[in-house]
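*Asks:*
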C-alpha cells in the first residue's frame, strides 16, 4: 500500500521535473535553438490540454452512467481536426497575420478593435471557465483522498478543502513562474508548451497502461472484455439522438472557442504546417485516450462495491488489485491532466483580463492620455495584472468548488462550462467567414447567448434552490411560465442540456445575424472584416493609419514600456534601416504605424494597441473616404497590371512576326548561296563554249560552213548570257523604282493573245483554256509590262507543268476591289512551304536550270505588278499551280 | 498581394488542378465522418454496445487514416513565423 507521504513526495518530484523541463525549454528557446521545440509532435501533444482531468477520471464515470455517450466529447474535436482545412487553417492564418493573443482579441480585433467586445468576451470566458477549474481542483483533491483512504486515514470535508487550496496555490505559483515571466512580443510560452507536451505523454501512457492492465490483466483479452460489456449494466446502445448530436456539436464548437484551446491552437502555433500533421495525429491521440474507457468502466462496475464513485475507477481499480505502481502512474496521469489544463486556461484568461479589461481602464483613468503612455511602466502593470488574474481565477475556481459542494458528477459541470464557452462561436465563425458581420450584431449575439446560458444552465448548476428558488424554477420568474429555465417558450420535456445548448445557440445566432444586417460598420470594422475574411487573398493589408503627426521618439518611449527596451529599439532600428535611415527613429509613415501596432498587439491585444497609438497620433484614424481611396488604389493597380498584360501580349505578337521573318531570311540566304553557285555555273557554261569555239575558229583551218556553225553557237551562247544579265538588270531597275511607265490602253483579251503567241509561238505543247467572250475588258496601264507578266506566267506553266497533257486555264473574275486574272495549270502545284519563297529573287524550286531560267521571272512579275499598282500572288488549292493577277479598278478603263 | 477573386485563373495546370481537388477531399473528410457517426442513431435500442464500440472506433480509425493520407497530398504555403 502506498504511503500517503510517498504519494505527496512523488507528486512534488513530478512537479519539480516539470519545472526542469519548462526551464530547459525556455533556455533553449531564448538561445534561439528552438529546433525540436517547434516540431509538430510538440504542437499535437500540447493540444491534448483538451483532455483534462474530466477526461481522465470523468470519462470512465460518464461511461459507467451513460454507456457510449462519452465518446461524443472526443468525436467533436476529431471532426474539427480532420476538417482543419475548413476553420482551423483560416483561424491560424488570421492569428498569425493579426498577431492575436486570445479569443477575446480575435473578436475585438475583427469588429473594429472594439474594447467593449473584448470586455464582454473576457467576462464570459472567466465565468464559463470557473466551474471547469473547480472541476480540476476537485479531481486532483479527490485523487489524493483516494490514496489517503487506501492508506487507512479517510479525508473529511476539511481535509478535502485544505487539499484543494494547496493544489490551487501550487498551480498558481507554477503558472505565474512560467506563464508571466516575460511579456513576449508574440505571447508564446515555450517552457509551458514543452511541459504540457510532457504531461500529455504521461497521461496517455497512464491511461493506456491502466487499460492494458484491465483488458489483459483482469478480463483476459479483448474477446472477454467484449463479452463482459454484453453482460454489464451498460450492455445496450441506448442513445438519445438529440443528446448525441448536440454533444458532438458542442464539443466540436468548444474545441475552437475555449480560451485555452485557442491559446494552444492559434497563439502558440509556430508553423502553420503543423496543422497538417496534427490534423490526423491529434484525432489518433483522442482515440487512444478513449479506447480503454469502456473496458475500465465495465471492469470497475463488476469488481468494485456498488457505492464506489465511478469517476475514480481509473485509480481505484488498480488499487483494488494491489497494483500500487500502476495506481501511482494513473495518479500522475490525472494530476498531469488537471495541471496542464489549469495552467493554460489561467494564462489565457490572464492575457484576456490584462489586455481587455485592466489596460483599457488603466489608460482611461489617466486623465492626460499622452502622459499615460509615457509615464509608468506599462510592462509592469501588465505582468502584475496577469499574475493577479492567475491567482484570482484559481481563487474563483476554489470558491466555486466550495460553493457547489464539490459533489456533482464531473461530466455535468464540464458540459455546462463548454456551453458557456461556445457562445463565442457565432461571432467567431461569422467574423472570419462573413464580411457583413458587425460589432453591434456580435455584441447582441454574445450578450443574448450569455444570458440564456446563465438562465438555463449555469445558475441551475449550483443545485436546486441554491440561486434560483424552487418556485421560480417550477413556475417561471414572476409567474411567467414560458420563461422557466428548463422549458423556455413552454417547450417542455427536453433534456435540460440539449434545451440549454439549443436555445442559447439559436437565439445567439439569430441576434448576431439580425444585429449585423441592420447596423452599419465603422471604417475600421470594414477594413478588419475584409482582412479577416480575405486572409488568404491579402497577405499585406491596407493601413489603418493615413496621416500622422506623431513623434517617433514618443512612440519609441511608449513601445519600450510595453515590449521592453531591447525589442523596441531593435524594431525601430530595423524600421529606420528599411527606410534607408540611420539611428533608431524612422519616419512615422502609415506603414510604420501599422507595423508597430501589430507588434504591440502581439503583447497587449489589438484594441489596446490601437488605442495607445491613436492617443499619440491624435486620433488620425481612418475614415470612409480613406477606405474608398484604398479601394481606388487597388483598382489602379489592377488597371496597370491589365495594361502590362496587353503590352506583353503585343510583344508576343511582334516576337512571333520577327521570328517568322527571320526564318524566311534564313531560308532566302540559303537560296541565295545556292543561286550564287548556280549563276556561276550558268555563266561559266556559255563562257566555256564561247572560249572553246573561238579558239577553234582562231587556230584551225575550216570550211566556211563550219565557221558559220561555230560562230552561230558563239552567238547563241552570247544571247543566253545577255538574257541572263538583262533579267538581272531589269529586276534591279524595277526594284530601285527607276522604271518609267508608259500609259497605254488596250483590251485584256489582246494582251493574253499576245502573251500566248509569244510563249507557244505556234508550237503545240501547252493547251490554253480561255473564254474569250468574257475577257472584254479595257485596261489603262503600261501594257507592255503587263504582257510581260502574262508571258512569264504562261511560260512558267509550259516549263514546269508536269502533267501528261499540260493545260492552263485563264479566268477573269470580278472581286470587290477590281478584277483578278487567274492562271491555273493542271500540274502538281507548289508545295505549301515553297509558296512563300517563289516570289523572292533567285528563288528556284528545282535545282537544275532545266528551262534556263535564273529564278528571277516571278520576282520581276511581282515588281512589275507592284509598280502598276496591282498585285500577284500564289493561289493555293486549285488542283495545280495557280497564280492570281489582280487588276484594281484604277487600271480599268471600261468594263463589258 | 495576390489578385482579387475576379482576376484568379479560371483554368489551372494539371498538377495545380489536382492539388485543388485534394483540398476538396480534405474538406469532405469531416462531412463523411459526421454522416458515419450519425448512422448509429438509426439503430434499435437493443443493439449491443459491444457492437457499437467496434463500429465507432472503426469509423474513428478510418477518419484518422483518411486524414493522414490526405495530409500528404495537400500542402500549405506557410509564411515564416513572425
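Protein chains in written order, with my numbering: chain U, 144 to 1039; chain F, 1058 to 1139.
Built from N, CA and C at the ideal position, the CB exists for glycine as well.
(1) Counting contacts by CB-CB distance shorter than 8 Å, is residue 587(U) in contact with chain F?
(2) Would you tell me roughly how many angstroms separate the C-alpha atoms of residue 442(U) and residue 457(U), rounded to the nearest one?
(3) Would you kindly work out how many angstroms separate the C-alpha atoms of residue 829(U) and residue 1025(U), rounded to a whole number?
(4) Using the beta-carbon count (16 or more within 10 Å), is residue 659(U) buried or exposed?
(5) Any residues in the region 357–377 of chain U with a beta carbon nearer than 7 Å to a beta carbon of chain B? Which ones, in chain order?
(6) By the criterion of Cβ-Cβ separation under 8 Å, what are the contact partners of residue 1114(F) in chain U?
(7) Flag residue 1098(F) as yes if its beta-carbon sits less than 8 Å from any beta-carbon of chain U, otherwise no.
(8) If you draw a straight line from the alpha carbon of residue 663(U) to that of residue 750(U), how long is it in whole angstroms?
(9) Going by C-alpha distance, which of 981(U), 336(U), 477(U) is nearest residue 201(U)?
(10) Mind checking if residue 238(U) is an interface residue toward chain F, Cβ cutoff 8 Å exclusive?
(11) Can you tell me the Cα-Cα spacing of residue 808(U) and residue 1005(U), whole angstroms?
(12) Per the DSSP calculation, residue 1026(U) is bridged to which residue(s)?
(13) At 7 Å on the CB atoms, spell out the chain U contacts of residue 1125(F), in chain order.
(14) Can you find a C-beta in chain F that's less than 8 Å from the C-beta of residue 639(U)?
(15) Taking C-alpha atoms, which residue in 385(U), 304(U), 470(U) lies nearest to residue 153(U)?
(16) Mind checking whether residue 246(U) and residue 559(U) have CB atoms under 8 Å apart?
(17) Do you know whose CA, among 286(U), 754(U), 897(U), 544(U), lies nearest residue 506(U)'s CA?
(18) Please specify which runs of the alpha helix (DSSP H), each continuous and at least 4 residues long, are wholly inside the region 831–865 of chain U, giving them in chain order.
(19) Look at the alpha carbon of residue 715(U) and the alpha carbon of residue 522(U), and state the distance between them as a whole number of angstroms.
(20) Among residues of its own chain, excluding the 5 on either side of residue 188(U), which ones have a beta-carbon nearer than 7 Å to its beta-carbon?
(21) Contact criterion: CB-CB distance below 8 Å. Does residue 402(U) meet it with respect to chain F?
(22) Hey, quick one: how far does the beta strand (DSSP E) through residue 880(U) stretch, first residue to last?
(23) Note down, in chain order, every chain F residue with its Cβ under 7 Å from the Cβ of residue 1097(U).
(24) Taking contact to mean 3 or more Cβ pairs, one atom from each stretch, closer than 8 Å, check whether the region 211–218 of chain U and the region 232–250 of chain U are in contact.
(25) With a cut-off of 8 Å, do at least 3 Cβ pairs link the region 1108–1125 of chain F to the region 411–418 of chain U?
(26) Would you say residue 1130(F) lies against chain U (beta-carbon separation less than 8 Å)?
(27) Which of the three DSSP states, helix, strand or coil, is assigned to residue 539(U)?
(28) Using CA coordinates, which residue listed in 1105(F), 1082(F), 1069(F) is at the minimum distance from residue 372(U)?
(29) In whole angstroms, what is the alpha-carbon distance linking residue 1131(F) and residue 484(U)?
(30) Which residue comes first and which comes last in the alpha helix (DSSP H) that contains residue 346(U)?
(31) Could one say the Cβ of residue 407(U) lies closer than 8 Å to chain F's Cβ atoms, at least one of them?
(32) Starting from the Cα of residue 575(U), find the closest Cα among 677(U), 311(U), 368(U) and give me that residue.
(33) Counting beta carbon pairs with one atom in the region 350–360 of chain U and one in the region 434–452 of chain U, are three or more of them shorter than 8 Å?
(34) Can you tell me where the beta strand (DSSP E) holding residue 912(U) begins and where it ends?
(35) Strictly by DSSP, which residues pair up with residue 531(U)?
(36) Please decide whether residue 1094(F) counts as near chain U, where near means a Cβ-Cβ distance under 8 Å.
*Replies:* Looking at the atomic coordinates:
(1) no
(2) 10 Å
(3) 33 Å
(4) buried
(5) No chain B appears in this structure, whose protein chains are U and F.
(6) 430, 434
(7) yes
(8) 20 Å
(9) 477(U)
(10) no
(11) 18 Å
(12) 966(U), 1017(U)
(13) 423
(14) no
(15) 470(U)
(16) no
(17) 754(U)
(18) none
(19) 18 Å
(20) 340, 343, 344
(21) no
(22) That residue, residue 880(U), is in no beta strand (DSSP E); it is neither H nor E in DSSP.
(23) As shown, chain U starts at 144 and ends at 1039. That puts residue 1097(U) outside it, with no answer to give.
(24) no
(25) no
(26) no
(27) helix
(28) 1105(F)
(29) 32 Å
(30) 333–355
(31) no
(32) 677(U)
(33) yes
(34) 910–912
(35) Residue 531(U) pairs with nothing; no bridge assigned.
(36) yes
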